[in-house]
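Numbering (the working numbering), first residue to last: 153 to 301. The beta carbon of each residue, even a glycine, is placed where N, CA and C say it ideally should be. The structure presented is a predicted model; accordingly, all values stated were derived computationally and were not measured. Quick notes on the structure that follows.
This is how it looks when you write it as structure tokens:
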């Protein structure tokens, strides 16, 4: 897989922009999938399934039960074979469930920009993110992390 910091940052900045499209009042997550020739393949953000009204987002339990994570939305939207592709995510690492799905579809590189200004978000997802990192490590999948803020 081609590795170039300039392209990593370009795709991470795009993931940051896409994260603003989320209607989640707490935080938005953006994900970008690119092939090994640095071509954009797909994008996604966290939100409810298509056709579901964006109500109940103030209720954390209800919101979490309905929300599709940005990484999964990007995978579903791609609607193609994703072997040997990279996934870029902002502002935090993929959770353990997303990481399992990312690896199951053949993505071979994960790049994250972690916003250290979102400490409560990082703490809330810390356990799940650690499990996700362990899964990737076991399969020798590189995880590149850039810090923002």
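- Taking the Cα positions, residue 181 is about 25 Å away from residue 291.
- Residue 168 sits in a helix when the DSSP states are folded into three classes.
- Beta-bridge pairing by DSSP links residue 184 to 195 and 240.
- For residue 276, the enclosing alpha helix (DSSP H) covers residues 271 to 290.
- Going by beta carbons, residue 184 and residue 230 fall outside the 7 Å limit.
- In this structure residue 251 is in contact with residue 287, their Cβ atoms being roughly 5 Å apart against a cut-off of 8 Å.
- Looking at the DSSP output, residue 300 bridges to 267.
- Comparing alpha-carbon positions, the option among 271, 277, 261 and 279 lying closest to residue 297 turns out to be 261.
- Between residue 245 and residue 193, the alpha-carbon positions lie close to 20 Å from each other.
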